[in-house]
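J.: Quick one: this structure, given as structure tokens, is what I'll be asking you about.
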Amino acid sequence: MVKVHAFIEGRVQGVGFRYFAQREAWKLGITGWVKNTYDGRVEVLACGSDDKMKKFLESLSRGPSFAIVTDVKIVEKSEVSFCEFNEFSIEY
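Its first residue numbered 269, the sequence shown is counted upward by one per residue in this note's numbering.
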């Protein structure tokens with residue numbers, strides 16, 4: 269299992285990005301959270317299997333139809349034996 273902390277940059281606020289990320293996480297069984305940051309980015313902390321995390325990050329790099337993702341910056345990626353999250357939530 270892998271835990272990833274990432275920031276998504278571009279036109280990612282006001283376009284449904286957090287809800288998109290939550291739906292994608294639910295589909296893949298990813299747990300964690302997503303939230304908007306004060307500087308216009310979206311922050312994600314997520315846990316899941318390596319293969320599902322790869323698919324999740326690929327979907328975040330595309331984003332919803334009205335988003336323009338310019339970068340997905342992974343600031344931390346680590347192997348974990350368990351994840352402290354039970355679901356994937358939107359934080360405010």
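From the three backbone atoms N, C-alpha and C, an ideal C-beta is built for every residue, glycine too.
#1: Here's the rule I'm using: 16 or more other beta-carbon atoms within 10 Å means buried, otherwise exposed. How should THR299 be labelled?
#2: Below 8 Å on the Cβ atoms is my contact criterion, and I expect PHE350 with TRP294 to pass it. Report the Cβ-Cβ distance as a whole number of Å.
#3: In the DSSP assignment, find the alpha helix (DSSP H) that holds PHE288 and state where it starts and stops.
#4: Helix, strand or coil: how does DSSP classify ARG330 here?
#5: Under a CB-based cut-off of 8 Å, is GLN281 close to chain B?
#6: Just to confirm my understanding: we take ASN354, look at its own chain, exclude 5 residues before and 5 after, and list those with CB closer than 8 Å. What are they?
#7: Measuring only the C-alpha atoms, how far is ILE336 from ALA289?
T.: According to the data block:
#1: buried
#2: Actually they do not touch by this definition, with Cβ atoms about 20 Å apart.
#3: 285-296
#4: helix
#5: Annotation note: the requested chain B is absent from the structure, which comprises a single protein chain.
#6: THR299
#7: 14 Å
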